Amino acid sequence: METKADNIFLIGFMGVGKSTIAKCFNHMRGMEVVEMDQIIAEDNGMSIPAIFEIHGEEYFRNQETELLRQMQGRTNVVISCGGGVPMRESNVEEMRKSGKIILLTAKPETILERVKDNHDRPLLENNKTVEGISELLNKRKEKYEKAADLIINTDNKIAVEICEEIIDRLRKL
Ligand code: S3P
Numbered sequence: 006m007e008t009k010a011d012n013i014f015l016i017g018f019m020g021v022g023k024s025t026i027a028k029c030f031n032h033m034r035g036m037e038v039v040e041m042d043q044i045i046a047e048d049n050g051m052s053i054p055a056i057f058e059i060h061g062e063e064y065f066r067n068q069e070t071e072l073l074r075q076m077q078g079r080t081n082v083v084i085s086c087g088g089g090v091p092m093r094e095s096n097v098e099e100m101r102k103s104g105k106i107i108l109l110t111a112k113p114e115t116i117l118e119r120v121k122d123n124h125d126r127p128l129l130e131n132n133k134t135v136e137g138i139s140e141l142l143n144k145r146k147e148k149y150e151k152a153a154d155l156i157i158n159t160d161n162k163i164a165v166e167i168c169e170e171i172i173d174r175l176r177k178l
């Protein structure tokens with residue numbers, strides 16, 4: 006019987022903790038981490054804001070799709086996805102082929118607290134208010150939830166706790 010690859014795709018809005026939880030899976034489970042933004046920035050030799058500025062958002066989204074395709078054939082990898090990845094249906098199909106999709110969530114207030122001093126996210130640069138974050142979050146919510154095999158809230162939880170919750174709930178799927 007063919008077994009599906011056991012990768013984990015962490016999805017969700019900017020600042021929900023995808024990168025932190027990916028690192029936790031690396032420590033707890035020895036899974037290799039793929040940090041999508043970091044790889045795209047390295048491949049292009051420039052920061053994410055510079056990619057948006059010079060090449061435009063569409064170019065960046067195509068880079069995300071291409072990187073996801075490269076995950077086929079990989080196993081035991083935890084992928085920290087950029088927050089916009091599940092907005093493309095084809096990206097969701099690609100993720101489903103090689104693993105489980107975990108949606109991390111947090112309140113807009115928590116997200117604001119986590120992103121307020123960071124300048125690497127062009128879509129938030131002029132939107133760093135609870136209202137701005139809530140508006141974009143509401144536009145995306147349906148697609149995030151539709152894509153997810155599991156939904157995990159991260160408010161007031163530490164990384165290890167979240168990781169253990171994911172492992173436990175994945176076992177019961
Ligand atoms: C984006 C999220 C960012 C990055 C880019 C766009 C988005 O990644 O890919 O700034 O559209 O939500 P993180 O979710 O890792 O911050």
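Going by my numbering, the sequence shown opens with residue 6, and the numbers climb by one from there. From the three backbone atoms N, C-alpha and C, an ideal C-beta is built for every residue, glycine too. The structure displayed is predicted, hence computed values, not measured ones.
Test item: CB-CB of residue i and residue j under 8 Å
{"i": "residue 10", "j": "residue 80", "result": "yes"}
{"i": "residue 15", "j": "residue 109", "result": "yes"}
{"i": "residue 20", "j": "residue 120", "result": "yes"}
{"i": "residue 28", "j": "residue 38", "result": "yes"}
Member of the options whose CA lies at the smallest distance from the CA of residue i
{"i": "residue 74", "options": "43, 96, 124, 39", "result": "96"}
{"i": "residue 154", "options": "38, 112, 32, 102", "result": "102"}
{"i": "residue 87", "options": "49, 18, 127", "result": "18"}
{"i": "residue 33", "options": "60, 82, 48", "result": "82"}
{"i": "residue 182", "options": "55, 169, 35", "result": "The question about residue 182 has no answer here: the residues shown for the chain are numbered 6 through 178."}
{"i": "residue 84", "options": "65, 128, 111, 22", "result": "22"}
Rounded separation between residue i and residue j - CA only
{"i": "residue 52", "j": "residue 171", "result": "31 Å"}
{"i": "residue 104", "j": "residue 148", "result": "18 Å"}
{"i": "residue 122", "j": "residue 132", "result": "13 Å"}
{"i": "residue 92", "j": "residue 66", "result": "10 Å"}
{"i": "residue 146", "j": "residue 94", "result": "14 Å"}
{"i": "residue 8", "j": "residue 143", "result": "For residue 8, the predicted model reports a pLDDT of 49, less than 50, meaning its position is unreliable; a value from the coordinates is still stated below. Taking the straight line from one Cα to the other gives about 35 Å."}
Legend entry - the region 30-47 contacting the region 107-121, beta-carbon criterion three pairs below 8 Å: no
Legend entry - Stretch pair the region 55-71 + the region 136-154: three plus CB contacts closer than 8 Å: Per the Cβ contact rule, the region 55-71 is not in contact with the region 136-154 (fewer than 3 Cβ pairs under 8 Å).
Legend entry - Distance cut 6 Å, beta-carbon to the ligand S3P heavy atom: residue list by chain order: 19, 23, 42, 53, 87, 88, 89, 126, 127, 128
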